[in-house]
C-alpha cells in the first residue's frame, strides 16, 4: 500500500518550520519526504492543496472513558466535584460503559487529530478492545488504582500484563500506572517499582498536582516533597512519566531532570480545577522532556490539543510576565515528538522511517488567513475542527467528518443511554 | 417576514438554563418564545433538531482590521512586537487595506457566531462601509488616536460624528474612543469628555492593561492610579466602557462600580501578551457589568468568543484557587446580554421584543455528548466551529459554512495580496 500526500505545507517539528513538499507513506511507514517526488504507482494520491501536513498529536495523559461524565458537577469546588459527583457515578460504571466511553473518546480523538494517547482508567480489557477496533495508538496503564480485586499485587499486575500479549505492541503498549502518592502506600509503590524493573515496564504517576498533595506529603514524610519522596522509593530509577507537576520548585525539577523523567502538562484541567499553573519555562530550562495531555473531559472538558497548546504557551507567558516565553515551535514539539518520546513510540515527526501517524489541517478558513506565519497560526489561531484527515499507522481513520471504522450515531445513542441510567 | 425556529434547546441567559421550545422572528424582532407555537404562515421554518439556539455573541472590544496582521511578530516581547513589528506595518496600511481587513474579520465573526462588535481602529469610513454591507451590528469608536489629520480636535470629532448620519443607528452606532491615558494628554481627554457630554456619546478606553501603565500613571500624576486619574478628568461622569482592567485593586474597582462604568475583559490577549489576569471575581462582587472582548487577532490570534469564555471562567478559578468561581452561566451572560448592555443595544437575550440576533450551536458532535449538562458544554466543550447558523437583525447571514452576502474567496485573495505587499 503506497499513498502520496502531495502539495502540502509540511511541519518540521524539530526545526520549527513549514516547507512546501510531498510525503509518501508505504504501508505504515513514512518512506519519502521531499520537495519533488519519485514517479511511482500509488494506490492513493491525496492533494493537500497547501494545507498543513503534520504528525498526529500525542495526548500523553487521559482518563478517556470519562467522556461519559462530561459536564458532571461543573463549577463545583474540587473536593465536592470529585467526592460528591464523580466518584459516586464512577462506582456505578459497568465494563460495558467503559467500552462505550472509550469509543466516544476515540471519535473525539480522531476528529481532533489525536493519534496516540496514554490511558489511565480501569477495566483495561474494554479499553484495549475499543482501541484495537479503532486503530488508535496508545499506552495503557495498569496498577494499584486499577485493581478492583482482592488478589495480591504481584498476581494482579502479572494478570494485567498478560492481557497485552494478544495486542500488537507497536500500536498498544502497557505501562505501570500508579495513580498518586496519596492513593498508594509506600509498600505498594515499592512493589510497583520492583515489578517494573523485573518486566522492564515504564511507570507513570500524577505528581505534585495540587498544593494539598505537596503539603500533606511533606507533613507525612519528614519534610520530603513528592519528588523527593518518590526518589526515596526508587521510583525515578525507572523510565518514568509524571503528570501535571504544577507545584514544583527548582530542586524538585532538578530531581526529574537528573533522572531523565518525562513530564506531561495538562493546562486546561489545572486551571479549570483551580490547581495552579505549571512552571513550564523552568522545566524547559532544566532540559526536561515535556509532553502535553488533556487529562480527560471530566475536568477540562474536551479532548482538544489545540486548546492545550494555546494554554501551555500563553499561561507560561503570563506566569513569568514574558510574551516571548515558550514559543509556538516549542509547544508544537511538545504536542507531537516529545509526547511520542515520553510514551516510547516511533511517531511524532515527519521523517523517513517513522511510523505514519499524520494529520491534515485546513488553512482555507477565515481564521487561518493571511497565509504568512502559518506556524504561529497552528498554535494561536487553529481549532481542532480544522483537522480534515487523520491517519494512524498508515491507515486513514477519519476524513472530512467521516470515520472509517466507527458508527458515530450508535456510539452517541449508547452514551446518552448510559448517562441517563447513571443519573437516575 | 416571519421565521420559525422549532425544536430548539433555547438558552435563557438571565436564568442560566436551557429549555426545549420554539422561537418566532418577525422581521428583525423576536416576536414569540414558547414550548408550543401558534399556527401561522411562516416564510421559513428551521428545524433546530434540538441544537442550541442562543443570542449571538457580543465582542465588546476589537481592533478588527488587524486580521491583516495575524501572526506578525508572534512570541516576541510585548514592546518589540508593538514597536518593531506591528506599528511599522500599520503605518503602511491604506484605507483599502482597512476595508479588506474588516471584511476578513466579518467572515470570522459570522462563522463564529459573533453578531455585534465594538470597533477601535482608524479609517472608520472603510470600517463602516464593510460593516454596513455585511449586516453586522457594531459600535464604532473615533477619537484622538484615530485622528490622522492636523485639524483641531472638536472639528475632527464633529466630522467623524457626521459620518454616522448616513447609517442605521440600530445597527451601527458611534462612540468616543480614547485609546488610553498614555497616548492622550489630559487636555485631549477633557476635550473628549466635553464633546461626549455635548453630543450624548458613550466613551471607551483601554484602562490599566499593563503594570507599566499603572506605574507610569502614578509617577506622573501625584500617585493617582489610572481610574483615579480618569475620575479627576470627569471621564466617569459619562456612560463609559473600560477595556482590559487587568491591574485594578479594590479601590479602583469601587470607582468603576460607583459610576456604573462597564468593563470589557479580554483574557486571551492578556495572557498571550503576558499582561496579567484580570480580577473577574472581584469585579463580579462589586456588581460591575462585565462584557467580553477578543481584542483582535494581532494579539490573541482569533476572533473566538468560545475561547474567551473558557478563559474568563478558568483563569478566574485558578487565580483565586476556587473551582466554583465564575460559573458557566455567568460567562454566557457576559458574552451576550452584558455585552449588549455595555454597548447600548437591544439584543443579547432570547426574549420577546428583543432584536433577533440569534445563533445555532450544533450539539451532534462527539465533544458535545452526552446531552446532559449542555449549559456547561457551551462554555467548557463547545468550539466556534459548532456554530451552524448566524442571524443578525432578523437576517440569516451565515448557514452551514455558506455566507449570504460575502465572497469569501475574493476576501482571502485580497488579504494574502495585502500581507505580501506589506512584508516586502
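Chains as they are written, first to last, in the numbering used here: chain U, 56 to 479; chain R, 56 to 479.
Every residue, glycine too, gets a C-beta built ideally from N, C-alpha and C.
{"Asked": "Separation of residue 111 of chain R from residue 182 of chain R, as counted between CA atoms", "Found": "21 Å"}
{"Asked": "Beta-carbon neighbours of residue 55 of chain R, restricted to chain U and to distances below 8 Å", "Found": "Nothing can be reported for residue 55 of chain R, as the shown portion of chain R is limited to 56 through 479."}
{"Asked": "Proximal residues of chain U, C-beta to C-beta of residue 471 of chain R below 9 Å", "Found": "424, 425, 426 and 427"}
{"Asked": "Below-9 Å beta-carbon distance, residue 435 of chain U vs any chain R residue", "Found": "yes"}
{"Asked": "Minimum Cβ-Cβ distance from residue 350 of chain U to chain R less than 9 Å", "Found": "no"}
{"Asked": "Partner residues on chain R for residue 170 of chain U, Cβ-Cβ distance less than 8 Å", "Found": "Those within 8 Å of residue 170 of chain U in chain R number zero; the least Cβ separation is about 16 Å."}
{"Asked": "Residue 369 of chain U at chain R interface by Cβ criterion, 9 Å", "Found": "yes"}
{"Asked": "DSSP three-state assignment for residue 250 of chain U, whether helix, strand or coil", "Found": "helix"}
{"Asked": "Burial state of residue 60 of chain R, where buried means 16 or more other Cβ atoms lie within 10 Å", "Found": "buried"}
{"Asked": "Residue 287 of chain U beta carbon less than 9 Å from that of residue 276 of chain U", "Found": "yes"}
{"Asked": "Residue 261 of chain R beta carbon less than 9 Å from that of residue 230 of chain R", "Found": "no"}
{"Asked": "The stretch 154 to 168 of chain R / the stretch 358 to 366 of chain R touching (three or more Cβ pairs under 8 Å)", "Found": "yes"}
{"Asked": "Short-range partners of chain U found in the stretch 328 to 359 of chain R, where Cβ spacing is below 9 Å", "Found": "328, 329, 330, 331, 332, 352, 355, 356, 357, 358 and 359"}
{"Asked": "Any chain U beta carbon closer than 9 Å to residue 131 of chain R", "Found": "yes"}
{"Asked": "Anticipated Cβ contact below 8 Å, residue 208 of chain U with residue 246 of chain U, distance rounded", "Found": "5 Å"}
{"Asked": "Euclidean distance between Cα positions of residue 280 of chain U and residue 320 of chain U", "Found": "19 Å"}
{"Asked": "Span separating the alpha-carbon of residue 54 of chain R from that of residue 97 of chain U", "Found": "A question about residue 54 of chain R goes unanswered here, because the residues of chain R that appear run from 56 up to 479."}
{"Asked": "Buried or exposed by the 16-neighbour rule on C-beta atoms within 10 Å, applied to residue 228 of chain U", "Found": "buried"}
{"Asked": "Exposure label - residue 193 of chain R; buried when at least 16 CB within 10 Å", "Found": "buried"}
{"Asked": "7 Å Cβ cut-off: residues of chain U touching residue 377 of chain R", "Found": "132 and 329"}
{"Asked": "Secondary structure of residue 272 of chain U, DSSP reduced to three states", "Found": "helix"}
{"Asked": "Bridge partner(s) assigned by DSSP for residue 100 of chain R", "Found": "R:59"}
{"Asked": "Buried or exposed (CB count within 10 angstroms, at least 16 for buried), residue 389 of chain U", "Found": "buried"}
{"Asked": "Chain U contact residues for residue 163 of chain R, given Cβ-Cβ distances below 7 Å", "Found": "421 and 422"}
{"Asked": "Any alpha helix (DSSP H) of 4 or more consecutive residues that is wholly inside the stretch 218 to 268 of chain R", "Found": "241 to 254"}
{"Asked": "Collapsed DSSP secondary structure at residue 345 of chain U in the structure displayed", "Found": "strand"}
{"Asked": "Neighbourhood of residue 367 of chain U by C-beta distance below 7 Å, restricted to the same chain and skipping five residues each side", "Found": "320, 322, 335, 347, 381, 386 and 389"}
{"Asked": "Own chain residues within Cβ distance below 7 Å of residue 469 of chain R, not counting five before or after", "Found": "155"}
{"Asked": "Option in R:285, R:352 and R:131 with minimal Cα separation from residue 176 of chain R", "Found": "R:352"}
{"Asked": "Inter-residue spacing [alpha-carbon to alpha-carbon] between residue 87 of chain U and residue 455 of chain R", "Found": "38 Å"}
{"Asked": "Euclidean distance between Cα positions of residue 302 of chain R and residue 340 of chain U", "Found": "29 Å"}
{"Asked": "Pair within 9 Å by beta-carbon distance, residue 174 of chain R and residue 119 of chain R", "Found": "yes"}
{"Asked": "Residue 263 of chain R at chain U interface by Cβ criterion, 9 Å", "Found": "no"}
{"Asked": "Cβ contact (3+ pairs, closer than 8 Å) linking the stretch 132 to 150 of chain U and the stretch 410 to 423 of chain U", "Found": "no"}
{"Asked": "Backbone secondary structure at residue 454 of chain R - three-state DSSP", "Found": "strand"}
{"Asked": "Range covered by the beta strand (DSSP E) that runs through residue 110 of chain U", "Found": "107 to 110"}
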